[in-house]
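Residue numbers (our numbering): 61 to 479.
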């Protein structure tokens, strides 16, 4: 290192909850009035606030974003054996609800412009699997995908869109909030999200009947009878009035959190201008992310040798080069938390036998070669874009309580790995 870098006394987190005060007031209100279960003023209010902010007609407060996605998959009518197109580079929570209903996820490769579902690969997927009628789309790290192109393709093929906006609350595409582009949509209030309830999620829709079904299903599908009458399968998915109190107290601070996250992104971008890296991209003409997590992608020629197994990684230190493994290990040494990019679903052991479609067609047989620099498409780019981003990218400390001085230290730590 060119100069001594002081580490952090306490861990600098990737993205931790930021509380303001009203959250405790609303939780205390639930406690004092004894409305501690899955009904109460806080739940009613967060549903109203979600509709008001996002611009949908109906919102159903649930225990998690995953629960909301499960209900969306069920609403879309996915049955045993049905194939469902899904974003490939995402967290497993996007995909697992498809399997809960017996569906078979088919993974659609990523594009470099926004790190989201590639519309070209999606169109190719419909050529291979014309029977598919449900598409699950993610807005990764708070950045909207190519919404118009994806919607046009889905409309052409008569497919329903489920929008996983778990990470993108407050982000907009052409001035419209994410969480409104699908027929059924989900957001998350998990502990590390842009606003939080410590847990919790929301099903969003403009379909009144769908909202009513989810309210019923999420309370064990109890019928309107004087006893416990059940005529269909139900779930214990409703949000508690206590958690709703936290979410209710967070909503007024959403825009403040987004502004703080954007400032972090811009400072990283400026701090890394002389390094061989790029920030996670977005379409500035059409979209405004919520900048939930700031990420970098190392230029291919500046990658040192790196190999990842199922649970371990190795790299070879090289002058003026680095890799995600080296950077993450160095950050950890100084008590700063980073994270690898989401490992694409088609690379996960549980889903390795599922279909995977790139912009040139079925990519399953070609993907492994790229690790050694092999599988390149006709346009000169890697066939497996998700794998490439996973290999070269990482998430940086993006906590909105991080000071500018702390962020400057993170920047110096990362610069030091390229010396």
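C-beta atoms are modelled at their ideal positions from N, C-alpha and C, and glycine is treated no differently.
- In the DSSP annotation of this structure, residue 177 is not part of any beta strand (DSSP E), being labelled neither H nor E.
- Taking a cut-off of 8 Å for Cβ pairs, the stretch 311-325 and the stretch 291-302 do not touch, as fewer than three such pairs fall below it.
- With fewer than 16 neighbouring CB atoms inside 10 Å of its own CB, residue 379 falls in the exposed class.
- The DSSP-derived three-state label of residue 214 is helix.
- Cβ atoms of residue 397 and residue 73 come within 8 Å of each other, at about 5 Å.
- A straight-line Cα-Cα distance of about 5 Å links residue 357 and residue 337.
- Here residue 353 is buried, its C-beta having at least 16 other C-beta atoms within 10 Å.
- The alpha-carbon separation between residue 394 and residue 261 amounts to approximately 33 Å.
- By the criterion of at least three beta-carbon pairs nearer than 8 Å, the stretch 262-280 is in contact with the stretch 295-310.
- With fewer than 16 other Cβ atoms inside 10 Å of its own Cβ, residue 91 counts as exposed.
- Residue pairing of residue 448 in beta bridges, as defined by DSSP: absent, with no partner found.
- About 6 Å separates the beta carbon of residue 256 from that of residue 310, a gap short enough to meet the 8 Å contact definition.
- Between residue 405 and residue 150, the C-beta spacing is below 8 Å.
- In this structure, the straight-line span from the alpha carbon of residue 209 to that of residue 349 is close to 18 Å.
- Cβ-Cβ distances below 6 Å link residue 113 to nothing in the same chain once the five nearest sequence neighbours on each side are left out.
- A direct Cα-to-Cα measurement between residue 341 and residue 173 gives close to 6 Å.
- With respect to residue 300, residue 97 sits close: the two C-beta atoms are nearer than 8 Å.
- Residues 301 of the same chain have their beta carbon placed closer than 6 Å to that of residue 95, with the five preceding and five following residues left out of the count.
- Residue 267 carries a coil assignment under DSSP once its states are collapsed to helix, strand and coil.
- Note: residue 408 is not bridge-paired with any residue in the DSSP secondary-structure output.
- Distance from the CA of residue 143 to the CA of residue 266, rounded to the nearest whole angstrom, comes to 25 Å.
- Within the stretch 355-398, complete beta strand (DSSP E) segments of at least 3 residues are found at 355-358, 366-368, 373-375, given in chain order.
- One Cα belongs to residue 360, the other to residue 391, and the distance between them is close to 21 Å.
- If you look at residue 305, you'll find it isn't in any beta strand (DSSP E); it sits in the alpha helix (DSSP H) that goes 301-310.
- About 5 Å separates the CB atoms of residue 193 and residue 219; that is less than 8 Å, so the two are in contact.
- Buried is the label assigned to residue 100, since at least 16 other Cβ atoms lie within 10 Å of its Cβ.
- Residue 169 and residue 315 have their C-alpha atoms roughly 31 Å apart.
- For residue 224, the beta-bridge partners assigned by DSSP are 198, 246.
- Taking 8 Å as the upper bound for CB-CB distance, residue 245 and residue 223 are in contact here, some 4 Å apart.
- Around the beta-carbon of residue 85, fewer than 16 other beta-carbon atoms lie within 10 Å, marking it exposed.
- Setting aside the 5 residues that flank it on each side, residue 70 has no residue in the same chain whose C-beta is closer than 6 Å to its C-beta.
- Sorting 381, 347, 129 by C-alpha distance to the C-alpha of residue 247 places 129 at the top.
- Nearest C-alpha to residue 242 among 137, 197, 134: 197.
- Residue 176 and residue 207 have their alpha carbons spaced roughly 10 Å apart.
- DSSP places residue 135 in the uninterrupted alpha helix (DSSP H) bounded by 125-135.
- In summary, residue 272 is exposed, with fewer than 16 beta-carbon neighbours lying within 10 Å of its beta-carbon over all protein chains present.
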